[in-house]
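The sequence shown stops at residue 158 when you use the UniProt record's numbering, and every number in between is there. Don't be surprised by glycine CBs; every beta carbon is placed ideally from N, CA and C. In what follows, a single structure is set out as structure tokens and then discussed.
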Amino acid sequence: MPNFSFLAQSNQTDVMIYHSIESGDAAYFIDKIKTIPEDHTVNIRINSPGGSVTEGAAMINCIKELGDRCIATVEGVAASMASLIAVSASKTKMAKNAMMMIHHPMKIMQGNAKEMTQTAQTLQGMSEIMIEGYKAKTGTVAKNYSELQKGYFLVLSA
1 MPNFSFLAQS NQTDVMIYHS IESGDAAYFI DKIKTIPEDH TVNIRINSPG GSVTEGAAMI
61 NCIKELGDRC IATVEGVAAS MASLIAVSAS KTKMAKNAMM MIHHPMKIMQ GNAKEMTQTA
121 QTLQGMSEIM IEGYKAKTGT VAKNYSELQK GYFLVLSA
């Protein structure tokens with residue numbers, strides 16, 4: 001069972017993402033999000049090293065469906081895929097001592113040249129999707145994010 005926690009209060013629900021994003025997390029996350037009342041603000045609180053791009057992508061699509069009622073707050077670190085989850089909310093905030101780290105997607109693998117080439121092409125496609133996600137949030141040119149994705153920590157104040 002994934003390590004998300006959901007805490008419903010009078011008119012809001014806090015969703016804690018305080019672990020890596022792994023296989024099976026998206027299905028659990030989406031199922032739980034669908035149980036949140038329509039009149040609740042959804043506060044996604046993040047302290048995560050990131051994780052699976054495909055699981056994170058499904059979670060992002062769910063977050064975007066929440067529209068203006070979703071706020072993400074980086075409380076510690078939002079690294080890798082967790083950074084993209086953070087910027088997918090309608091509003092993104094960061095604690096003064098929080099960090100966000102973006103980089104190109106990576107994969108550890110073994111295989112022949114053809115398999116590795118196919119994997120490299122898949123990773124490049126994922127990278128382009130991630131760049132567009134950051135660009136959509138900030139309105140800046142995508143080439144800036146391509147440079148940042150070499151492995152860059154952003155330290156911002158709320």
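Problem set entry | Top-ranked residue by Cα proximity to Ile21, from Met100, Asp31, Gln110 and Ser52 | For Ile21, the closest alpha carbon among the candidates Met100, Asp31, Gln110 and Ser52 is that of Ser52.
Problem set entry | For residue 165: DSSP bridge partner residues | Here the chain covers residues 1 to 158 and nothing more, so residue 165 does not appear.
For this session: Look up Ser80 in the DSSP assignment and say whether it is helix, strand or coil.
Result: coil
Problem set entry | Nearest-angstrom Cβ-Cβ length linking Ile36 and Ala89, presumed shorter than 8 Å | About 14 Å; that fails the 8 Å criterion.
Exercise. In this structure, what does DSSP give as the bridge partners for Ser5?
Worked result: Met16
For this session: Evaluate the contact criterion for the region 66–77 versus the region 105–112: three or more CB pairs, one atom per stretch, below 8 Å.
Result: no
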